[in-house]
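Okay, so here's the structure we're looking at.
Residue numbers (our numbering): 1126 to 1300.
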């Protein structure tokens, strides 16, 4: 297994994050069935034993293409930082152009754990069911809204819109 250096894509296996499946499909489109070249930076493997590499198909650096087209974020993990400025510049361009997740995911610049505070605008409560582990959001005025308590450590959070909640894989309360 290979871990692409310098980027993070939305999750699509352990949990589904906004644009996770699209990022997986884009990567498959770029590399599946093609000859790839792997470039090492400093580290050989990560803590999970995956090779840490920059991935190329011909002259195309797949790591950068995923960031530039909005399917990944630039993320630095020293000491493997050879192309970090290239990735940061590519992410800035993708954000400004609204490409990929930057145009399709509400609050794309935030991770779910970074929005645990509430405000007048962000009052939708994202609650994880204790009995089913299902991610359910509650709107103000809903039957269980007032009794729903958001626990930051449990992965629960506030959302600013229904679209944002849905983009992170939460469903609306049926009551």
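From the three backbone atoms N, C-alpha and C, an ideal C-beta is built for every residue, glycine too.
Next on the checklist: Tell me the DSSP secondary structure of residue 1169 in three-state form.
Outcome noted: coil
Item to check | Rounded separation between residue 1157 and residue 1190 - CA only | outcome: 15 Å
Item to check | Own chain, CB closer than 7 Å to residue 1133, minus 5 neighbours either side, in chain order | outcome: 1197, 1198 and 1200
Checklist entry - Going straight from the alpha carbon of residue 1255 to that of residue 1293, what length do you get? => result 19 Å
Checklist entry - What separation, rounded to the nearest whole angstrom, lies between the Cα atoms of residue 1235 and residue 1184? => result Confidence is the limiting factor: at residue 1235 the pLDDT is only 41, short of 50, which leaves the residue's position unreliable and the question unanswerable from this model.
Checklist entry - In this structure, does DSSP put residue 1259 in helix, strand or coil? => result coil
Item to check | Of the listed residues 1179, 1280 and 1265, nearest to residue 1297 (C-alpha basis) | outcome: 1265
Checklist entry - Expressed to the nearest angstrom, what Euclidean distance is found between the alpha-carbon atoms of residue 1150 and residue 1143? => result 13 Å
Item to check | Bridge partner(s) assigned by DSSP for residue 1164 | outcome: 1179
Next on the checklist: Considering only the alpha carbon of each residue, which of 1164, 1271, 1165 and 1280 lies closest to residue 1259?
Outcome noted: 1280
Checklist entry - Which value, in whole angstroms, describes the spacing of the CA atoms of residue 1127 and residue 1267? => result 45 Å
Checklist entry - Hey, how far is the Cα of residue 1269 from the Cα of residue 1249? => result 12 Å
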